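Trainee:
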Amino acid sequence: MDKYMPVKYWVEDNELHRAYFDREEDLYDSPRDLGNFGTMVCGHPRYNLGDIQVKTREEWFANKPLKADTLVLLPLGLLDHSGLAMYIGGVTDPWDSSEVGYIFVRKDNPEVVDYKKTHTWKETKEWAENILRSEVATYDAYLHGDVYYITEEKYDEETETWDNVDGYGGVYVVDDTYQKELENAVSHIKEFSGNHELFDEDVANDAIEHHTIDILCGQKVFEFMES
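In terms of the numbering used here, the sequence shown has 532 at position 89, counting the first letter as 1, and numbering is strictly consecutive.
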């Protein structure tokens, strides 16, 4: 288990469940393959990045939309040092970073058109830019492997072992600090566990040791982020 990601426990049908995060080892699908709001155009001599790969200056500008048609366009930088990291901006390090492209969304994008019906252009632009920044952050997490798989298990009191119940992957951790990563983790686990009240490892271990798992259903527990 990744040491920075929490294990969380809950009681369901008088059985003790837990969910934990493992880093996904084999990342076959890029988040850019799953349908996106913006279009990411990139050019790099060694890597295929984004949605559209360009090799020449002419291709770079040929794929760039006209300013009059564009709602938001943001430059993309790449840091290539002990792995890849993508960010919004240009060159930040003369040795290891470079501007590799841009991400944009047009004014005639169907989601933009729909949002604009009830918002000003300024509000629509801010909304769209936030989505593009989120997409870049997700792609950055993919590039340096911050993608996790959630495993759910339940405790068998007779065999005193944890049995697999379910799991799903493709959980991107996109925040800069471990505290934010923990908040994201708890949010995903809450959704995954059907919003049962979660408690920590010491409570679970005490219930296992004293065979009191069944009474946890009526026991007051504290939400992880309130402690």
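Using N, Cα and C, we set each Cβ at its ideal position, and we do this for glycine too.
The structure displayed is predicted, hence computed values, not measured ones.
(1) Might you give, ordered along the chain, the residues of its own chain that have their beta carbon closer than 7 angstroms to the beta carbon of residue 568, omitting 5 neighbours on each side?
(2) Are the beta-carbon atoms of residue 435 and residue 532 separated by less than 8 angstroms?
(3) With a threshold of 8 angstroms on Cβ separation, who are the neighbours of residue 512 within its own chain once the five nearest residues in sequence on each side are excluded?
(4) Can you tell me whether residue 592 is helix, strand or coil according to DSSP?
(5) Grab the span of the alpha helix (DSSP H) containing residue 502 for me, first residue to last.
(6) Alpha carbon to alpha carbon, how far is residue 658 from residue 600?
(7) Around the C-beta of residue 505, are 16 or more other C-beta atoms found within 10 angstroms, so that it is buried, or is it exposed?
(8) Look up residue 587 in the DSSP assignment and say whether it is helix, strand or coil.
(9) How many Å lie between residue 458 and residue 525 at the Cα?
(10) Return helix, strand or coil for residue 527, following the three-state DSSP convention.
(11) Given a cut-off of 8 angstroms, decide if residue 481 and residue 547 are closer than it, judged by their beta-carbon atoms.
(12) If you run the structure through DSSP and keep just helix, strand and coil, what is residue 452?
(13) Quick one: using the 10 Å Cβ neighbour count with 16 as the cut-off for buried, is residue 493 buried or exposed?
(14) Are the beta-carbon atoms belonging to residue 611 and residue 465 less than 8 angstroms from one another?
(15) In three-state DSSP terms, what is residue 491?
(16) If I follow the unbroken beta strand (DSSP E) through residue 614, where does it start and stop?
(17) Could you have a look at residue 655 and say whether DSSP puts it in helix, strand or coil?
(18) Give the secondary structure of residue 636 by DSSP, where H, G and I count as helix, E and B as strand, and everything else as coil.
(19) I'd like to check one pair, residue 596 with residue 460: are the Cβ atoms closer than 8 angstroms?
(20) Just list the residues that DSSP pairs residue 547 with in beta bridges.
(21) Anyone know if the C-beta pair for residue 628 and residue 449 falls short of 8 angstroms?
(22) To the nearest angstrom, how far is the alpha carbon of residue 500 from that of residue 593?
(23) How about residue 617 and residue 580: do their beta carbons lie closer than 8 angstroms?
(24) Taking the alpha-carbon positions, what's the residue 517 to residue 609 distance?
Mentor: Based on what the coordinates show:
(1) Counting from 1 along the sequence shown, the entry for residue 568 is found at position 125. So the list reads 514, 515, once near-sequence residues are dropped.
(2) This structure gives no information on residue 435, because the portion of the chain shown stretches from 444 to 670.
(3) Residue mapping note: residue 512 aligns to position 69 of the sequence shown, counting from 1. Only 549, 550, 551 meet the Cβ criterion.
(4) Mapped onto the sequence shown, residue 592 falls at position 149. In the structure shown, residue 592 sits in a strand (DSSP, three-state: E or B).
(5) Residue numbering aside, residue 502 sits at position 59 when the sequence shown is read from its first letter. It spans 500-505 - the alpha helix (DSSP H) in which residue 502 sits, taken as one unbroken run.
(6) Within the sequence shown, numbered from 1, the residue matching residue 658 stands at position 215. Within the sequence shown, numbered from 1, the residue matching residue 600 stands at position 157. Residue 658 and residue 600: Cα-Cα distance of roughly 14 angstroms.
(7) Here residue 505 corresponds to residue number 62 of the sequence shown, with the count starting at 1. Residue 505 is exposed by the Cβ-count criterion.
(8) Stepping through the sequence shown from its first residue, residue 587 is reached at position 144. Residue state, collapsed to three classes: coil.
(9) The residue labelled residue 458 in the question sits at position 15 within the sequence shown. The residue labelled residue 525 in the question sits at position 82 within the sequence shown. Roughly 44 angstroms between the two C-alpha positions.
(10) Reading the sequence shown from its first residue, position 84 is the one you call residue 527. Correct three-state label for residue 527: strand.
(11) Counted from its first residue, the sequence shown places residue 547 at position 104. Counted from its first residue, the sequence shown places residue 481 at position 38. Yes, the Cβ-Cβ distance between residue 547 and residue 481 is below 8 angstroms.
(12) Here residue 452 refers to the residue found at position 9 of the sequence shown. Residue state, collapsed to three classes: strand.
(13) In the sequence shown, the residue the question calls residue 493 occupies position 50. It is buried - the Cβ of residue 493 has at least 16 other Cβ atoms within 10 Å.
(14) By one-based count along the sequence shown, residue 611 stands at place 168. By one-based count along the sequence shown, residue 465 stands at place 22. Contact: no.
(15) For the purposes of this step, residue 491 is identified with residue 48 of the sequence shown, where counting begins at 1. Coil.
(16) Here residue 614 is taken as the residue at index 171 of the sequence shown, counted from 1. 604-615 is the extent of the beta strand (DSSP E) around residue 614.
(17) One-based indexing of the sequence shown puts residue 655 at position 212. Coil, per DSSP.
(18) By 1-based counting over the sequence shown, the position of residue 636 is 193. Residue 636 falls in the coil class under three-state DSSP.
(19) Taking the first residue of the sequence shown as position 1, residue 460 is located at position 17. Taking the first residue of the sequence shown as position 1, residue 596 is located at position 153. A contact, by the Cβ cut-off of 8 angstroms.
(20) Counted from its first residue, the sequence shown places residue 547 at position 104. 482, 516, per the DSSP bridge assignment.
(21) Here residue 628 refers to the residue found at position 185 of the sequence shown. Here residue 449 refers to the residue found at position 6 of the sequence shown. For residue 628 and residue 449, yes; Cβs fall inside 8 angstroms.
(22) Taking the sequence shown and counting its residues from 1, the one referred to as residue 500 is at position 57. Taking the sequence shown and counting its residues from 1, the one referred to as residue 593 is at position 150. Rounded to whole angstroms, residue 500 to residue 593 spans 43 angstroms at the Cα level.
(23) Residue mapping note: residue 617 aligns to position 174 of the sequence shown, counting from 1. Residue mapping note: residue 580 aligns to position 137 of the sequence shown, counting from 1. Yes, the Cβ-Cβ distance between residue 617 and residue 580 is below 8 angstroms.
(24) As a position in the sequence shown, residue 517 is number 74, starting the count at 1. As a position in the sequence shown, residue 609 is number 166, starting the count at 1. Rounded to the nearest angstrom, the two C-alpha atoms are 39 angstroms apart.
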